[in-house]
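Step one of this worksheet: look at the structure below.
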Amino acid sequence: MPAESLTFRTLSGSTIESRPIVLRAVVIAVWTSRDMSGRDLRVAEMEALGIMRPSATPQFRRVSTHRLTTADQIEVIGPESSGEVEVVLVRDARGLWVGVGSDHTDRRMERTEAHVAKQMCDKPIAPDLWAFDDVADHWDTLVLRSWIVEDGETRLYQEGTVAAILPPADLMESFSGRGDLPDGTALYCGTFAAIGGIRTSSRFAFELFDPQRERRIAHAYDVVALPFGP
235 MPAESLTFRT LSGSTIESRP IVLRAVVIAV WTSRDMSGRD LRVAEMEALG IMRPSATPQF
295 RRVSTHRLTT ADQIEVIGPE SSGEVEVVLV RDARGLWVGV GSDHTDRRME RTEAHVAKQM
355 CDKPIAPDLW AFDDVADHWD TLVLRSWIVE DGETRLYQEG TVAAILPPAD LMESFSGRGD
415 LPDGTALYCG TFAAIGGIRT SSRFAFELFD PQRERRIAHA YDVVALPFGP
């Protein structure tokens, strides 16, 4: 099975380590809103782009492990792609970790081939991870935010708590059938609607904020749009 080794800085309790983690599966969870109002907002947002309503939720889509990146720049095909901030669960031999990433997606392709659209773009992830056990008791207070650049200005694009997303145990149970992840798996946990609707941007910044411990994981990347033709 193809694998990708990325170096992360892990924080467990007061112990900080920089070490490689080998990932053998990258999974994108979609349609993961916890309540019906959030789900309806997300469905309406997708339908506005011409994307069909799902037949069942949540859904899981595998992408190549080589799509996972901590780089500060990605290249995409054409002008119709965008990011969205998501909690990322990472399982390795030492335990379950929590990070934050962007499910960057080709929106043009998503209208007809959602699985292909997910595979077409790199999946940025911040190079820092927290031990899941360190945030489990106040999970729903964690805050996700993202920003885009419009008309030369940085604008807030998404903001909300992870209480809007299905709990980790539910997502892992739906995916694996055993309430956990296989070793070497990264699971992007889904997102919520953007402020003002989905738009493209030449730069995407995002963070996961823990208000109880007053700490954050943040990352940003530039988006270089390659032409369709020569």
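So in our numbering, spot 163 of the sequence shown is number 397, and the numbers just go up one at a time.
Each residue gets a CB set at the ideal place from its N, CA and C atoms; glycine is no exception.
- At a cut-off of 4 residues, not a single continuous stretch assigned as alpha helix (DSSP H) sits fully inside the segment 286–318.
- One thing to note: residue 319 has its Cβ within 8 Å of the Cβ of residue 334.
- Considering only 257, 312, 436 and 294, the residue with the shortest C-alpha distance to residue 388 is 436.
- Between the alpha carbons of residue 385 and residue 346 lies a distance of about 30 Å.
- Note on the segment 327–388: whole beta strand (DSSP E) runs with a minimum of 3 residues are 329–336, 362–365 and 377–384, in chain order.
- Secondary structure in the segment 237–265: the beta strand (DSSP E) runs of 3 residues or longer, each lying completely within the stretch, are 238–246, 249–257 and 259–264 in chain order.
- The alpha carbon of residue 356 has as its nearest neighbour, out of 262, 365, 395 and 370, the alpha carbon of 262.
- Distances from the alpha-carbon of residue 297 to those of 370, 238, 425 and 315 put 238 closest.
- In the DSSP assignment, residue 398 forms no beta bridge with any residue.
- Under the three-state reduction of DSSP output, residue 403 falls in the helix class.
- Of the candidates 294, 341, 336 and 368, the residue whose Cα lies closest to the Cα of residue 249 is 368.
- If you draw a straight line from the Cα of residue 342 to the Cα of residue 315, it is about 7 Å long.
- For residue 451, the uninterrupted beta strand (DSSP E) segment begins and ends at 449–460.
- DSSP, read as helix, strand or coil, puts residue 436 in coil.
- Taking the C-beta atoms as reference points, residue 327 is found nearer than 8 Å to residue 417.
- When DSSP states are grouped into helix, strand and coil, residue 443 belongs to the strand group.
- The shortest C-alpha to C-alpha distance from residue 440 to any of 313, 390 and 372 is the one to 390.
- Residue nearest to residue 242 within the set 364, 434, 377 and 402 is 364 (criterion: CA-CA distance).
- Inter-residue distance for residue 299 and residue 430 is about 32 Å (C-alpha atoms, whole angstroms).
- For the pair residue 415 and residue 380, the Cα-to-Cα distance works out to about 26 Å.
- It is roughly 15 Å from the alpha-carbon of residue 312 to the alpha-carbon of residue 353.
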